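Beneath this line is the structure, given in structure tokens, with notes to follow.
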Amino acid sequence: MEKIAIVKIGADTIKLSLIDYAPNGYYNLFDEVTEHVKLGLSIEQSGLIKPNIVTEALTILKLYRKICDANNVSKIYAVAESFFRRAKNQKSFLEEVSNNTGFAFSILSADEEVKLVYRGITNSIDVSKAIGVFIAPNKTHIMQFNRRTILNTQTLQYGYLNLAEKFADVLDPEEKLEQMVEEIDYLIKSNDFLANIEPETTFVGAGSVFESLGKLSRKMSKYPLDIENNYMVSSDSFNAVYDLVKTLDLDKTKKLKGISEDRADALASGLAIIKAIMQMCKAPCLSVCAGAYDEGVTMQALPCDLPEHVFPTDMLTASLDAIRTFYDRELSNTVNVYNLAIMLFKQLKVIHKLPRNYIKPLRIAASMYNCGTRIGFENYANKSFEIIINSKIKGVTQKDILIAAFACKAQNLDNISLAEFMKYNAILTEEDFDAIRKLGVLVQLASAMDKSRMGNITDMTCDILGDSIIMKTIVKADASFDIIQAQKVGADFKKVFKKILQVI
Numbered sequence: 213m214e215k216i217a218i219v220k221i222g223a224d225t226i227k228l229s230l231i232d233y234a235p236n237g238y239y240n241l242f243d244e245v246t247e248h249v250k251l252g253l254s255i256e257q258s259g260l261i262k263p264n265i266v267t268e269a270l271t272i273l274k275l276y277r278k279i280c281d282a283n284n285v286s287k288i289y290a291v292a293e294s295f296f297r298r299a300k301n302q303k304s305f306l307e308e309v310s311n312n313t314g315f316a317f318s319i320l321s322a323d324e325e326v327k328l329v330y331r332g333i334t335n336s337i338d339v340s341k342a343i344g345v346f347i348a349p350n351k352t353h354i355m356q357f358n359r360r361t362i363l364n365t366q367t368l369q370y371g372y373l374n375l376a377e378k379f380a381d382v383l384d385p386e387e388k389l390e391q392m393v394e395e396i397d398y399l400i401k402s403n404d405f406l407a408n409i410e411p412e413t414t415f416v417g418a419g420s421v422f423e424s425l426g427k428l429s430r431k432m433s434k435y436p437l438d439i440e441n442n443y444m445v446s447s448d449s450f451n452a453v454y455d456l457v458k459t460l461d462l463d464k465t466k467k468l469k470g471i472s473e474d475r476a477d478a479l480a481s482g483l484a485i486i487k488a489i490m491q492m493c494k495a496p497c498l499s500v501c502a503g504a505y506d507e508g509v510t511m512q513a514l515p516c517d518l519p520e521h522v523f524p525t526d527m528l529t530a531s532l533d534a535i536r537t538f539y540d541r542e543l544s545n546t547v548n549v550y551n552l553a554i555m556l557f558k559q560l561k562v563i564h565k566l567p568r569n570y571i572k573p574l575r576i577a578a579s580m581y582n583c584g585t586r587i588g589f590e591n592y593a594n595k596s597f598e599i600i601i602n603s604k605i606k607g608v609t610q611k612d613i614l615i616a617a618f619a620c621k622a623q624n625l626d627n628i629s630l631a632e633f634m635k636y637n638a639i640l641t642e643e644d645f646d647a648i649r650k651l652g653v654l655v656q657l658a659s660a661m662d663k664s665r666m667g668n669i670t671d672m673t674c675d676i677l678g679d680s681i682i683m684k685t686i687v688k689a690d691a692s693f694d695i696i697q698a699q700k701v702g703a704d705f706k707k708v709f710k711k712i713l714q715v716i
């Protein structure tokens with residue numbers, strides 16, 4: 213396992229990310245430090261990185277160097293955002309940084325930033341046609357892409373910080389936001405690809421402003437999950453947040469729960485940018501993509517000879533493989549259980565009668581069927597719920613993740629109740645509750661069929677005879693122990709599917 217450090221200089225932050233990189237090409241963030249430094253504001257005001265800002269940045273970067281050394285980092289990737297090019301003393305600053313820390317920074321171009329954000333979005337959310345918007349402190353990137361190809365881009369000269377700075381003298385909060393929206397609307401009004409997008413196009417938002425919007429929307433709507441990535445914000449929900457913020461002054465904005473004071477002054481200006489763009493493209497909702505820029509930079513920092521499976525079009529497969537890489541124990545049998553669960557779903561389709569949209573939750577639940585053992589073996593299925601909810605699983609909806617968490621928990625049917633399920637009735641339906649119990653038993657049966665962890669059962673055929681199901685196993689070695697364990701699932705199988713199970 214190799215350790216890689218990524219140091220990013222942004223307009224208002226200096227961030228250190230520490231990554232575990234596995235030989236098979238997968239990676240995992242294991243630590244992160246973010247310090248706020250107003251480099252962008254200094255450059256905006258004077259065209260220079262002021263001496264006090266230089267000192268502050270150097271102090272932070274020296275500490276980051278010590279952290280890298282303490283963690284035996286083998287590779288350091290250091291990058292500064294494109295705004296840095298406007299600093300007249302950028303060369304002397306970077307030389308001083310290099311002399312004191314050994315960090316060799318490269319400065320991104322605007323086009324490179326767009327590609328990094330695009331790469332982060334397309335490897336976090338499963339969309340084909342989309343308008344992606346990334347709001348940075350002093351610029352906003354807008355991109356249109358289709359089937360992993362960028363079609364059009366536009367970069368606005370304003371982000372959430374410098375737009376707020378431009379209208380700092382306007383004291384009335386509502387009037388300030390109206391003027392901000394008008395300013396952005398003026399800049400994008402000649403944008404043909406925003407004005408003529410196709411109905412099936414998804415609006416995807418990346419950056420801290422969208423994440424803050426998602427937090428406020430979830431709080432206001434009492435949304436039962438606290439997951440950022442792929443959270444859908446309807447136009448009504450956005451307008452509710454916008455109407456709340458537009459009446460608040462800075463001090464009151466800082467008191468909004470979940471919003472950091474470091475960026476509270478920029479929330480209103482960021483929402484103004486979003487409102488102008490949503491109005492232009494008539495977007496009924498938007499999807500929040502968490503950490504898209506950071507994800508893109510991380511992928512850029514990894515070795516250039518990465519295998520193709522790390523960035524496939526099937527993001528769910530990549531997510532589950534990465535989780536197994538970093539969290540499965542030695543001699544894990546999760547791949548065996550996963551394969552058996554998918555076989556059971558196909559073989560028993562005539563009795564479970566579940567549509568294909570439940571395949572993704574089943575894939576997650578089966579792939580992480582024993583993840584609760586990271587906490588403890590006793591009733592590990594019950595412990596799996598929070599682990600799945602809080603795992604970084606890409607390429608699926610939040611509803612898929614929630615169903616998977618319940619299904620994994622339902623390997624023991626006593627673990628779930630209708631009362632607990634009803635806490636999530638804003639997301640799930642009664643049909644989902646029935647499906648969860650069925651998926652849970654399928655995962656339980658798949659686990660039992662590989663209880664020996666030897667992969668002895670490789671396939672099966674199912675014959676339905678009245679109220680009985682005869683499951684004939686296809687084996688590569690003696691599977692008598694696994695068959696006995698599978699037969700023990702018969703009671704739960706009958707409870708859910710109303711059929712007597714016989715495994716031979």
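Counted the way this note's numbering counts, the sequence shown spans residues 213 to 716.
Each residue gets a CB set at the ideal place from its N, CA and C atoms; glycine is no exception.
From a predicted model like this one, the values you see are computed outputs, not experimental measurements.
Exercise. Would residue 692 be called buried (16 or more neighbouring beta carbons within 10 Å of its own) or exposed?
Worked result: Within the sequence shown, the letter at position 480 stands for residue 692. Residue 692 is exposed by the Cβ-count criterion.
Exercise. Could you check where the alpha helix (DSSP H) with residue 313 kicks off and where it finishes?
Worked result: What you label residue 313 is simply residue 101 of the sequence shown in a count that begins at 1. Here the alpha helix (DSSP H) through residue 313 covers 302-313.
Exercise. Is the distance from the Cβ of residue 704 to the Cβ of residue 656 below 9 Å?
Worked result: Working through the sequence shown from its first residue, we reach residue 704 at position 492. Working through the sequence shown from its first residue, we reach residue 656 at position 444. Yes; because the gap between Cβ atoms is below 9 Å, this pair is in contact.
Exercise. Got a sec? Which residues, its chain only, sit under 7 Å from residue 344 by beta carbon, not counting five neighbours each side?
Worked result: Here residue 344 corresponds to residue number 132 of the sequence shown, with the count starting at 1. Around residue 344, the same chain offers 329, 330, 333, 355, 357, 416 and 418 as residues with beta carbons nearer than 7 Å, after the five sequence neighbours per side are excluded.
Exercise. What's the C-alpha gap between residue 667 and residue 478?
Worked result: The sequence position of residue 667 within the sequence shown is 455, counting from 1. The sequence position of residue 478 within the sequence shown is 266, counting from 1. Approximately 55 Å between the Cα atoms of the pair.
For this session: Find out if the Cβ-Cβ distance for the pair residue 370, residue 386 is shorter than 9 Å.
Result: Sequence index remark: in the sequence shown, residue 370 carries index 158 (1-based). Sequence index remark: in the sequence shown, residue 386 carries index 174 (1-based). No; because the gap between Cβ atoms is not below 9 Å, this pair is not in contact.
Problem set entry | Pairwise C-alpha distance: residue 606 and residue 336 | Along the sequence shown, read from residue 1 onward, the residue named residue 336 stands at position 124. Along the sequence shown, read from residue 1 onward, the residue named residue 606 stands at position 394. One C-alpha to the other measures close to 5 Å.
Exercise. Excluding the five sequence neighbours on either side, which residues of its own chain have a C-beta within less than 7 Å of the C-beta of residue 413, listed in chain order?
Worked result: Residue mapping note: residue 413 aligns to position 201 of the sequence shown, counting from 1. Taking C-beta separations shorter than 7 Å and ignoring five residues to either side along the sequence, the partners of residue 413 in its chain run 341, 342 and 343, following chain order.
Exercise. Should the stretch 438-449 be called in touch with the stretch 363-378, which here means at least 3 C-beta pairs below 8 Å?
Worked result: The answer is no - the stretch 363-378 does not touch the stretch 438-449, with fewer than three Cβ pairs under 8 Å.
Problem set entry | Cβ separation of residue 615 and residue 646, assumed to be a contact under 8 Å, to the nearest whole Å | Counting from 1 along the sequence shown, the entry for residue 615 is found at position 403. Counting from 1 along the sequence shown, the entry for residue 646 is found at position 434. Contact between residue 615 and residue 646 does not hold, since the beta-carbon distance rounds to 11 Å and is not under 8 Å.
Problem set entry | Proximity winner among 613, 398 and 716, relative to residue 640 (alpha-carbon distances) | Translated into the one-based positions of the sequence shown, residue 640 becomes position 428. The option with the nearest alpha carbon to residue 640 is 613.
Exercise. To which residues does DSSP link residue 346 through a beta bridge?
Worked result: For this step, residue 346 is matched to residue 134 along the sequence shown. BP columns for residue 346 point to 353 and 418.
For this session: Could you tell me the distance, in whole angstroms, from the CA atom of residue 346 to the CA atom of residue 672?
Result: Here residue 346 is taken as the residue at index 134 of the sequence shown, counted from 1. Here residue 672 is taken as the residue at index 460 of the sequence shown, counted from 1. Between residue 346 and residue 672, the alpha-carbon positions lie close to 49 Å from each other.
Exercise. According to the Cβ coordinates, are residue 514 and residue 276 closer than 9 Å?
Worked result: Taking the sequence shown and counting its residues from 1, the one referred to as residue 514 is at position 302. Taking the sequence shown and counting its residues from 1, the one referred to as residue 276 is at position 64. Residue 276 is positioned such that its CB atom lies no closer than 9 Å to that of residue 514.
Problem set entry | For residue 683, the residue or residues it bridges with in DSSP | On the sequence shown, position 471 is the one that residue 683 refers to. DSSP lists 674 and 715 as partners of residue 683.
For this session: Only counting runs of 3 or more residues, tell me where the beta strand (DSSP E) segments fall wholly within the stretch 545-618, in order along the chain.
Result: Listed in chain order, there is nothing to give.
For this session: Please classify residue 535: does DSSP put it in a helix, a strand, or coil?
Result: By one-based count along the sequence shown, residue 535 stands at place 323. Of the three classes helix, strand and coil, the one that applies to residue 535 here is helix, per DSSP.
For this session: For the stretch 299-306 and the stretch 249-267, state whether three or more C-beta atom pairs, one from each stretch, are separated by less than 8 Å.
Result: Under the Cβ criterion (8 Å, minimum of three pairs), the stretch 299-306 counts as touching the stretch 249-267.
Exercise. To which residues of the same chain is residue 507 closer than 7 Å at the C-beta, ignoring the five residues directly before and after it?
Worked result: Translated into positions along the sequence shown, residue 507 becomes position 295. Around residue 507: 332, 335 and 336.
Exercise. Since residue 247 contacts residue 350 with CB under 8 Å, what's their CB separation in whole angstroms?
Worked result: Position 35 of the sequence shown, counted from the first residue, corresponds to residue 247. Position 138 of the sequence shown, counted from the first residue, corresponds to residue 350. Actually they do not touch by this definition, with Cβ atoms about 18 Å apart.
For this session: Give me the Cα-Cα distance between residue 474 and residue 316, rounded to the nearest whole angstrom.
Result: As a first step, residue 474 is located in the sequence shown; it is residue number 262 there, counting from the start. As a first step, residue 316 is located in the sequence shown; it is residue number 104 there, counting from the start. Its pLDDT being 49, under 50, residue 474 is placed unreliably in this model, and the value from its coordinates should be taken loosely. Near 28 Å, if we compare the C-alpha coordinates of residue 316 and residue 474.
For this session: Under 7 Å Cβ to Cβ from residue 379, same chain only, skipping five residues before and after it: list those, please.
Result: Counting from one through the sequence shown, the residue named residue 379 turns up at place 167. Take residue 379, set aside five residues on each side of it, and the residues of its chain with a beta-carbon closer than 7 Å to its own are 388, 391 and 392, in chain order.
Exercise. Counting pairs of Cβ atoms below 8 Å between the stretch 573-590 and the stretch 672-690, do you hit three or more?
Worked result: Segments in contact, no.
Exercise. Tell me which same chain residues have a C-beta within less than 8 Å of the C-beta of residue 434, skipping the five on either side of it?
Worked result: Residue 434 sits at position 222 when you count from the first residue of the sequence shown. Excluding its 5 nearest sequence neighbours in each direction, residue 434 has C-beta neighbours in its own chain below 8 Å: 638, listed in chain order.
Exercise. Looking only at its own chain, which residues have a Cβ that is under 6 Å from the Cβ of residue 221, when we skip the five neighbours before and after it?
Worked result: In the sequence shown, counting from the first residue as 1, residue 221 sits at position 9. Same-chain partners within the cutoff: 292.
Problem set entry | residue 677 burial status per 10 Å Cβ neighbour count (16 or more: buried) | Stepping through the sequence shown from its first residue, residue 677 is reached at position 465. Residue 677 should be labelled exposed.
Exercise. From which residue to which residue does the alpha helix (DSSP H) around residue 364 run?
Worked result: Counted from its first residue, the sequence shown places residue 364 at position 152. Membership of residue 364 in any alpha helix (DSSP H) is not indicated; the residue belongs instead to the beta strand (DSSP E) covering 362-368.
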